[in-house]
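Novice: Sharing a structure with you now.
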Amino acid sequence: MRYEATLNVNGNAYPVEIEPGRNLLSVLRGEVGLTGAKEGCDDSECGACMVLLDGQPVNSCSYLALQADGREIVTIEGLAGADGELHPLQRTFLDQGGVQCGFCTPGMLISAKALLDRNPQPDEEEIRLALSGNLCRCTGYSGIVRAVQEAAQELAR
Amino acid sequence: MSADTYTAAASVEEALQAMASGARPIAGGTDLVVAARGGKSPLPGSLVAIHGLAELRGIEEDGDDLVLRALATHADIVASAAACERFTALADASAIVGSHATRNAGTIGGNLMNASPAMETGGPLICFDATVTLQAAQLPAPAGRPRTGSGTRELRVAELFAGPGATTADAGELLTSVRVPAPAPGTGSCYARLEYRRQMEIAIVGATAVVTLDGGQVSDARIAITALAPTIRRVAEAEAVLVGSDGGEAAARAAADAAAAASQPISDVRGSADYRRAMAAVIARRAIVVAVARAGGQQFPIPASPALHGAVEGGAA
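In the order they appear, the protein sequences are chains V and D.
When we follow the numbering used here, the leftmost residue of the first sequence carries the number 606, and every step to the right adds one.
When we follow the numbering used here, the leftmost residue of the second sequence carries the number 661, and every step to the right adds one.
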């Protein structure tokens, strides 16, 4: 049986009709058409599917889409400004070599945004801890950590 | 993934009625959905979502007791000053569940009812002698089961766990809150685990110690082992060793050895039974040493586990 729900993604309302067992990630990628969030492990281990749900980071592979009905979701596509200007985190990830193959990047950016939203001036240990639910198979963590540090400095100015 | 029908409950009563008709509750989904997607166990055929029920949210202090409503998340527990100051082992445990994402979605109610012998919060809750409130739609009480009111009963957490993934709750019962009684003055506590990585980890071996000091002597001790038996449980032999001692290094070691001796670990992909038994003595000793230190008024970081990975002052590995 299918159920109607409305997913508010990056400020836009998307009506969907889905089965109860569908996870949020598959509906974002399939029905909504936003393919930025990635399916990595499909087991809540890697963080590639991370989105913000009511401002909090959630592994969307392991969250039922129907439970997000009426709630606010932010995906990687929602980070840039309306005019396409990159979020400071996106720019510093590029500047600092925080993007290699790119598969983990959307989840890393979402976790980093959630961190800076609750703690605008994190130290390196806090950054590493906040990102430790996100795996980078390229092992490019140093550039990612530098990128978050630089974005925090930029956002504080 | 199955699940044919779904309803989002508008009240606890509505959730209980759905459960009486065979629906199973879902809150954060961090266990249910992951198990279904990994092929471990399919989603229940009929789901009732309880994540939106405001009456099941939050943490409050009732006198000196801590009351966790079913939807209190691990992030909520770590953010609670009362949990960190007086129920420190619980804060130690909640702070290391999964990742930030898991702690935001995962609830104490789901954590308990999933009944994993490796879950982090069970040891602290058992040692603090916490009780859960189970509610069911108003049906006659099952034979031999006392109910405190119509459809409601209280159960000690220690009596909730029946085996790996199994509880003594009836299928129609919903855990609505957890009451953690205030520890005696002079009590310190710690939960520590053996972990291979900082986040997205589950205890390979875990230990809880809740220790009360009175005039330099241990007047009460509660020690529980995690991921070392079919259910998380206290070890009376280890507690007996510690009570009456000075809580020092030798006593901690003897008590931890007793905890390890009582363990019945399994071998699986995360560790062999022999390795788990050997590490049980180490992890239990660390938990006891930190609990004694905290009981004596010393500060030790929350969560304790990462800080213990190198060495602990006075109790180096």
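From the three backbone atoms N, C-alpha and C, an ideal C-beta is built for every residue, glycine too.
Closest by CA to Ala900 (chain D), which one among D:Ala914, D:Ile892, D:Asp722 and D:Pro890?
Specialist: The residue you call residue 900 (chain D) lines up with position 240 of the second sequence. The residue with the shortest Cα to Cα distance from Ala900 (chain D) is D:Ala914.
Novice: From Cys666 (chain V) to Asp874 (chain D), what distance separates their C-alpha atoms?
Specialist: Translated into positions along the first sequence, residue 666 (chain V) becomes position 61. Translated into positions along the second sequence, residue 874 (chain D) becomes position 214. Distance between the alpha carbons of Cys666 (chain V) and Asp874 (chain D) is about 50 angstroms.
Novice: From the DSSP output, which residues share a beta bridge with Gly931 (chain D)?
Specialist: For the purposes of this step, residue 931 (chain D) is identified with residue 271 of the second sequence, where counting begins at 1. For Gly931 (chain D), which the question treats as bridged, DSSP gives the partners D:Asp928.
Novice: If I measure Cβ to Cβ from Pro725 (chain V) and keep anything under 7 angstroms in the same chain, skipping five residues before and after, which residues do I get?
Specialist: Working through the first sequence from its first residue, we reach residue 725 (chain V) at position 120. If we look at Pro725 (chain V) and ignore the five residues flanking it on each side, its Cβ neighbours are Ala757, Leu760 and Ala761.
Novice: Just the Cα atoms here: how many angstroms apart are Ser776 (chain D) and Pro890 (chain D)?
Specialist: Here residue 776 (chain D) refers to the residue found at position 116 when the second sequence is read from its first residue. Here residue 890 (chain D) refers to the residue found at position 230 when the second sequence is read from its first residue. Approximately 9 angstroms, taken between the alpha carbons.
Novice: What residues in its chain sit with their C-beta under 8 angstroms from that of Asn617 (chain V), if we drop five residues either side in the sequence?
Specialist: In the first sequence, the residue the question calls residue 617 (chain V) occupies position 12. There are no such residues.
Novice: Quick one: list the residues of chain D neighbouring Asn615 (chain V), beta-carbon separation under 9 angstroms, in chain order.
Specialist: Residue 615 (chain V) sits at position 10 when you count from the first residue of the first sequence. Here the premise fails: no neighbours, minimum Cβ distance about 19 angstroms.
Novice: Express the C-alpha separation of Ile862 (chain D) and Ala869 (chain D) in angstroms, rounding to a whole number.
Specialist: Against the second sequence, residue 869 (chain D) aligns to sequence position 209. Against the second sequence, residue 862 (chain D) aligns to sequence position 202. Going from the Cα of Ala869 (chain D) to the Cα of Ile862 (chain D) covers about 18 angstroms.
Novice: Measure the C-alpha to C-alpha separation of Ala964 (chain D) and Pro784 (chain D) and round it to an integer number of angstroms.
Specialist: As a working mapping, residue 964 (chain D) is identified with position 304 in the second sequence. As a working mapping, residue 784 (chain D) is identified with position 124 in the second sequence. If you take the alpha carbons of Ala964 (chain D) and Pro784 (chain D), they lie about 13 angstroms apart.
Novice: Please go through the same chain and pick out, in chain order, the residues whose beta-carbon is closer than 8 angstroms to the beta-carbon of Pro625 (chain V), but skip the five residues on each side of it.
Specialist: If you number the first sequence from 1, residue 625 (chain V) lands on position 20. Result list for Pro625 (chain V): Met606, Tyr608, Leu669 and Leu671, in chain order.
Novice: So Asn613 (chain V) is in the beta strand (DSSP E); what residue range does that whole segment cover?
Specialist: On the first sequence, residue 613 (chain V) is found 8 positions in, with the first residue counted as 1. Taken as a continuous stretch (DSSP letters only), the beta strand (DSSP E) holding Asn613 (chain V) covers Tyr608 to Val614.
Novice: Would you mind sorting Gly975 (chain D) into buried or exposed? The rule is 16 or more other CB atoms within 10 Å of its CB.
Specialist: Locating residue 975 (chain D) in the second sequence gives position 315, where the first residue counts as 1. The predicted position of Gly975 (chain D) is uncertain, since its pLDDT is 43 and thus under 50; a value taken from the coordinates is nonetheless stated next. Here Gly975 (chain D) is buried, its C-beta having at least 16 other C-beta atoms within 10 Å.
Novice: Should Gly848 (chain D) and Gly931 (chain D) be called a contact, given that it needs their Cβ atoms to be closer than 8 angstroms?
Specialist: Taking the second sequence and counting its residues from 1, one reaches residue 848 (chain D) at position 188. Taking the second sequence and counting its residues from 1, one reaches residue 931 (chain D) at position 271. Not closer than 8 angstroms, so no.
Novice: Considering Glu787 (chain D), what are the terminal residues of the alpha helix (DSSP H) in which it resides?
Specialist: Here residue 787 (chain D) is taken as the residue at index 127 of the second sequence, counted from 1. The sequence shown places Cys at residue 787 (chain D), not Glu. Counting along the chain, the alpha helix (DSSP H) containing Cys787 (chain D) begins and ends at Gly782 to Cys787.
Novice: In the DSSP output, what is Cys850 (chain D) paired with across the bridge?
Specialist: Locating residue 850 (chain D) in the second sequence gives position 190, where the first residue counts as 1. Cys850 (chain D) pairs with D:Ala869.
Novice: Just the chain V side, please: which residues come within less than 7 angstroms of Tyr666 (chain D) by C-beta, in chain order?
Specialist: The residue you call residue 666 (chain D) lines up with position 6 of the second sequence. Those within 7 angstroms of Tyr666 (chain D) in chain V are Tyr608, Pro625 and Leu671.
Novice: Would you say Val632 (chain V) faces chain D, with C-beta separation under 8 angstroms as the test?
Specialist: Counting from one through the first sequence, the residue named residue 632 (chain V) turns up at place 27. Not an interface residue.
Novice: From the beta carbon of Ile864 (chain D), is the nearest beta carbon of chain V less than 8 angstroms away?
Specialist: Start at 1 with the first residue of the second sequence, and residue 864 (chain D) comes out as number 204. Judged by the 8 angstroms Cβ criterion, Ile864 (chain D) is not in contact with chain V.
Novice: What separation, rounded to the nearest whole angstrom, lies between the Cα atoms of Leu694 (chain V) and Asp722 (chain V)?
Specialist: Within the first sequence, the letter at position 89 stands for residue 694 (chain V). Within the first sequence, the letter at position 117 stands for residue 722 (chain V). Looking at the two C-alpha atoms, the distance is approximately 12 angstroms.
Novice: At least one CB of chain V closer than 8 angstroms to the CB of Ser662 (chain D): is that the case?
Specialist: The residue given as residue 662 (chain D) occupies position 2 in the second sequence. Nearest CB-CB separation between Ser662 (chain D) and chain V: below the 8 angstroms threshold.
Novice: Just to confirm the assignment, what range does the alpha helix (DSSP H) spanning Phe698 (chain V) have?
Specialist: In the first sequence, counting from the first residue as 1, residue 698 (chain V) sits at position 93. Looking at the DSSP string, the run of the alpha helix (DSSP H) that includes Phe698 (chain V) is Pro693 to Asp700.
Novice: Taking Cβ positions only, does Gly745 (chain V) come closer than 8 angstroms to chain D?
Specialist: Locating residue 745 (chain V) in the first sequence gives position 140, where the first residue counts as 1. Judged by the 8 angstroms Cβ criterion, Gly745 (chain V) is not in contact with chain D.
Novice: At a CB distance below 8 angstroms, what residues from the stretch 753-765 of chain D approach chain V? Give them in sequence order.
Specialist: Considering only beta carbons, the part of the stretch 753-765 of chain D lying closer than 8 angstroms to chain V consists of Gly758, Ser759, His760, Ala761, Thr762, Asn764 and Ala765, in chain order.
Novice: If we ignore side chains and look at the alpha-carbon of each, how far apart do Ser716 (chain V) and Leu740 (chain V) end up?
Specialist: Here residue 716 (chain V) is taken as the residue at index 111 of the first sequence, counted from 1. Here residue 740 (chain V) is taken as the residue at index 135 of the first sequence, counted from 1. Straight through space, the alpha carbons of Leu740 (chain V) and Ser716 (chain V) are spaced by roughly 11 angstroms.
Novice: For Val753 (chain D), which residues in the same chain have their Cβ closer than 6 angstroms to its Cβ, ignoring the five residues on either side in sequence?
Specialist: For the purposes of this step, residue 753 (chain D) is taken as residue 93 along the second sequence, with counting starting at 1. What sits at residue 753 (chain D) in the sequence shown is Ala, not Val. Excluding sequence neighbours, Ala753 (chain D) sits near Glu780, Thr781, Pro784 and Tyr851.
Novice: Under the three-state reduction of DSSP, which class applies to Pro620 (chain V): helix, strand or coil?
Specialist: Against the first sequence, residue 620 (chain V) aligns to sequence position 15. Strand.
Novice: Given Thr690 (chain D), which residues of its chain have a CB within under 8 angstroms of its CB, disregarding the five upstream and five downstream residues?
Specialist: Within the second sequence, numbered from 1, the residue matching residue 690 (chain D) stands at position 30. Same-chain partners within the cutoff: Gly758, Thr762, Ala765, Gly766 and Gly770.
Novice: Taking Cβ positions only, does Val840 (chain D) come closer than 8 angstroms to chain V?
Specialist: Taking the first residue of the second sequence as 1, we reach residue 840 (chain D) at position 180. Taking Cβ atoms only, chain V never reaches closer than 8 angstroms to Val840 (chain D), which makes this a no.
Novice: Which residue wins for smallest C-alpha separation from Arg697 (chain D), given the options D:Glu673, D:Cys787, D:Ser662 and D:Arg729?
Specialist: Position 37 of the second sequence holds residue 697 (chain D). The shortest C-alpha separation from Arg697 (chain D) is found at D:Ser662.
Novice: Let me confirm a value: Cys651 (chain V) is counted as buried when at least 16 other C-beta atoms fall within 10 Å, else exposed. Which label applies?
Specialist: Position 46 of the first sequence holds residue 651 (chain V). Under this definition Cys651 (chain V) is a buried residue.
Novice: List, in order along the chain, the chain V residues whose C-beta lies closer than 8 angstroms to that of Arg697 (chain D)?
Specialist: As a first step, residue 697 (chain D) must be located in the second sequence, where it is residue number 37. Neighbours of Arg697 (chain D) on chain V, chain order: Asn628, Asp647, Asp648, Cys666 and Ser667.
Novice: Can you give me the Cβ contacts of Val972 (chain D) inside the same chain, cut-off strictly under 7 angstroms, excluding the 5 residues immediately before and after it?
Specialist: Position 312 of the second sequence, counting from 1, holds the residue named residue 972 (chain D). A caution first: Val972 (chain D) carries a pLDDT of 47, below 50, which makes its placement in the model unreliable, though a value can still be read off. Result list for Val972 (chain D): Arg946, Val949 and Val950, in chain order.
Novice: Going along the chain, which residues of the stretch 701-716 of chain D sit with their C-beta nearer than 7 angstroms to a C-beta in chain V?
Specialist: Leu703, Leu707, Ala709 and His711
Novice: What's the call for Gln877 (chain D), buried or exposed, on a 16-neighbour Cβ count within 10 Å?
Specialist: Along the second sequence, one-based indexing puts residue 877 (chain D) at 217. Exposed.
Novice: Give the interface partners of Ala719 (chain V) over in chain D, defined as CB-CB distance under 8 angstroms, in chain order.
Specialist: The residue labelled residue 719 (chain V) in the question sits at position 114 within the first sequence. Result: His760.
Novice: Cβ of Val614 (chain V) within 8 angstroms of Cβ of Thr710 (chain V)?
Specialist: Indexing the first sequence from 1 puts residue 614 (chain V) at position 9. Indexing the first sequence from 1 puts residue 710 (chain V) at position 105. Result no, Cβ atoms of Val614 (chain V) and Thr710 (chain V) do not sit closer than 8 angstroms.
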